Amino acid sequence: MVGEGVEFAVHAPYADSVDVCLFDEGREVRLTLPQRSGSLHYGLVEPAGPGTIYGFRANGLWAPDQGIFTNPAKLLLDPYARRITGTLSPGPELVTHRPRAEDRPDLRDNSHLVPRSVVVDDQFDWEGDRPPLTAWADTVIYEAHVRGLTLRHPAVEDSGRGTYRGLASRPVVEHLRALGITAVELMPTQRFLTEAWLTQRGLANYWGYATVGFFAPHEDHAAGDPITEFRAMVKALHSADIEVLLDVVYNHTAEGNHQGATLCFRGLDNPGFYRLDPERASRYVDWTGTGNTVDLTSPWALQIVMDSLRFWVEDMHVDGFRFDLAPVMGRIEAAFTTAAGFFKALHQDPTLRRVKLIAEPWDMGPDGYLLGGFPSGWSEWNGRFRDRVRDCWRGSGSPGDLIASMSGSPDVFPQRGSDASVNYVACHDGFTLADTVSYDRKANLANGEHNRDGSEDNRSWNGGHEGETSDPGILDNRRRRARAMLATVFIASGVPMLLAGDELGRTQRGNNNAYCQDNGISWVDWEQMDWDLTAFVQELSAMRRKLGLGSHRPSEVFAADGSQVDEHGSTALTFMWADTALALVNATAEVVEFAVPLPLSDAQWTVAFDSASELEPGSLVGSIKLGPWTVSLATPRPA
């Protein structure tokens, strides 16, 4: 801001001129930016200040055969807007050209259907806020949705439920601290939209993987000013020694394919932001499954992403990022490489190279499953850990699967430490933990896609009955396996991640793709808490912290009878961390007798915890029988 005005600037290389459009009580005033330097159009607009609602209109070249869609009828968001207000409404005016008429722009005005940018007052008193800087070895991640975590929390005030304020409220923070959580990984909080086709179905983009504003906190997650509330949330979590990690979507945007809404980037510099089909430049390369792919080999796209990342660290004080469909960001032409410009830029940046970086290591591009392929300094969501652990605790895994999972997946990360592996058995995408032990088949009819969406490969087992049951034998089976899987996550070498609500026994009633369910299917129901399971997770986390298991791989592994492990043998195994801890793991449906190795000569093993609640804490562990689907941890005490 300059005096009584605002200096506006926008990159639009194919525009002859750019208008700033100011909105006041439904009236639009267009002012042409008076100056230009290269691709940058800029100028001072007076009067204007905080709260001014605006957009851009670009006037210039229309060349679909070159992927250029400059169309003044389409109101465009500011790519650097700090706040975006309004929703996306369905309507034919959203398209930039009509079907089968690419040679002519669609001149119907879209301004009544699209969101708008807002000038903000960027002041905030951080009061000496400092990042916790938690070491990877001490990190425990909690993946959560801002809205879904607190909307039904009875102890959160009504005005704060489902918001940044609610997430930072005392009852939620105390719950996180009791669980031993050191970092919340928030599902998309950058401004996203519900696509028109979802709105027409009566559904919403609940998860938020449809970003349109890389610098703006999502407005619907705030009760008031989203920037102030987001910062206050970060400050409150930092004061509790909890880091804030953002799930960010820089691989695609809400503009979709060539038939999608023109909202921002397509109307300003389509060839400079997206990967265009080399055979037909009016179409997009789609390595994301959403219709478009951001091109980080382009200087403008790379600059926006880097500027955005720095903004969230420097101005919003976040502590790291989880990158959705991260291989997209490392593709030159089609091939993925750790020498890509994005990785180089990150590791050379003095602000960004110190924060936590987590990859979702798969996309829909060529050879799209790239787990283990990211550079040093990155951690990765370990989907192979999830699959191996689920297989083992439904009786179809192998000893090798169990050993690899407990040991930080050295076969996946041979040149990197266990910090590279983010270990989990459930995340937002797929079954919850409770559903993993309760459903054999997905139940996604509510999504309106005839149950065709969502993965068929769930590695789940219902224990003998699909869905809810009152059968005590089935319920005991499910309880044992759920607790055993949680124990595996927290004992294993690597970085544990817990899906919000799994510690409460949360179910999505078999829906494994609840991306569009902004309702009770997705929201955490705090009044249906499984307090015993919550206490168990608290116990696990405290034990992990006390013993420091996460940074150390087991030193020895034995079969239950003390012999060498047979790759084709039983998944009843003993893991030993020198003389620090002993884990007895019976991932079979049978009672197994374990021959327990001796600790130091002046010590004996005593039970620290038992996932099946059969062994009393403090009792001695010698030759012992362990029930099915059970993990027991013992620690040495003087004889």
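Numbering follows our numbering, in which position 37 of the sequence shown is assigned residue number 37; successive positions increment by one, without gaps.
Cβ atoms here follow ideal geometry from the backbone N, Cα and C, with glycine treated the same way.
The structure displayed is predicted, hence computed values, not measured ones.
* Please check the pair A560 and A572, which I expect to be a contact at CB under 8 angstroms, by giving their CB distance rounded to whole angstroms. => 4 angstroms
Count the other C-beta atoms from every protein chain shown that fall within 10 angstroms of the C-beta of E360, then say buried if there are 16 or more, exposed otherwise. buried
How about R354 and H347: do their beta carbons lie closer than 7 angstroms?
no
- Message: Between D411, N477, V172 and R130, which has its C-alpha nearest A155's C-alpha?
- Response: V172
In its own chain, which residues sit with a C-beta less than 7 angstroms from the C-beta of P327, not counting the 5 before and 5 after it? F336, P361, W362, D363, G365, G368 and L370
Q) Once you ignore the five residues that flank I53 on each side, which residues in its own chain have a CB closer than 6 angstroms to its CB? A) F23, R116 and V118
Under the DSSP definition of a beta bridge, which residues are partnered with F321?
L246 and L357
(request) Indicate the three-state DSSP secondary structure (helix, strand or coil) for M413 in the structure shown. (result) It should be pointed out that residue 413 corresponds to Phe in this sequence rather than to Met. Coil, per DSSP.
Q) Does the pairing of the stretch 8 to 22 with the stretch 38 to 46 give three or more beta-carbon distances under 8 angstroms? A) yes
> Looking at C-beta atoms only, is the number of pairs between the stretch 311 to 320 and the stretch 88 to 99 that lie closer than 8 angstroms three or more?
Replying inline: no
(request) Can you give me the Cβ contacts of R478 inside the same chain, cut-off strictly under 7 angstroms, excluding the 5 residues immediately before and after it? (result) V437, S438 and G463
Worksheet item: Can you tell me whether E143 is buried or exposed, with buried defined as 16 or more other CB within 10 angstroms of its CB?
Response: buried
Inter-residue Cα distance where the pair is F343 and T262 = 29 angstroms
Stretch-stretch touch, CB-based, cutoff 8 angstroms, three pairs: the stretch 209 to 217 with the stretch 135 to 154 = no
Quiz item: Would a C-beta distance cut-off of 7 angstroms place L193 and L88 closer than the cut-off?
Solution: yes
* Rounded to a whole number of angstroms, what is the C-alpha to C-alpha distance between G494 and R30? -> 55 angstroms
Please return the same chain residues whose Cβ sits closer than 6 angstroms to the Cβ of S644, not counting the five positions on each side in sequence. With the chain covering only 1 through 639, there is no way to say anything about residue 644.
Original post:
Relative to the C-alpha of N205, which residue among P226, T253 and T70 is closest?
Top reply: T253
Practice problem: Quick one: using the 10 Å Cβ neighbour count with 16 as the cut-off for buried, is L600 buried or exposed? | Solution: exposed
- Distance between beta carbons of L615 and F594, contact taken as under 8 angstroms: With 8 angstroms as the limit, F594 and L615 do not qualify as a contact, their Cβ atoms being about 11 angstroms apart.
- From what residue to what residue does the beta strand (DSSP E) around C392 run? Looking at the DSSP string, C392 is not in any beta strand (DSSP E); the run it does join, the alpha helix (DSSP H), is G383 to C392.
*Would you kindly work out how many angstroms separate the C-alpha atoms of V524 and A639, rounded to a whole number?*
46 angstroms
Once you ignore the five residues that flank R544 on each side, which residues in its own chain have a CB closer than 8 angstroms to its CB?
V140, G180, F490, I491, P496 and G550
> How is the beta strand (DSSP E) around T32 delimited, first residue to last?
Replying inline: R27 to T32
For D502, count the other beta carbons within 10 Å of its own beta carbon; 16 or more makes it buried, fewer makes it exposed. Which is it? buried
- Message: Per DSSP, what are the beta-bridge partners of I624 in this structure?
- Response: F594
Straight-line CA distance for A535 to L504?
9 angstroms
Between T469, R83 and M576, which lies nearest to T228 when the distance is taken from Cα to Cα? R83
Are V565 and P350 closer than 7 angstroms when you measure CB to CB?
no
request  = Whole angstroms is fine: what's the gap from S298's alpha carbon to N292's?
outcome  = 15 angstroms
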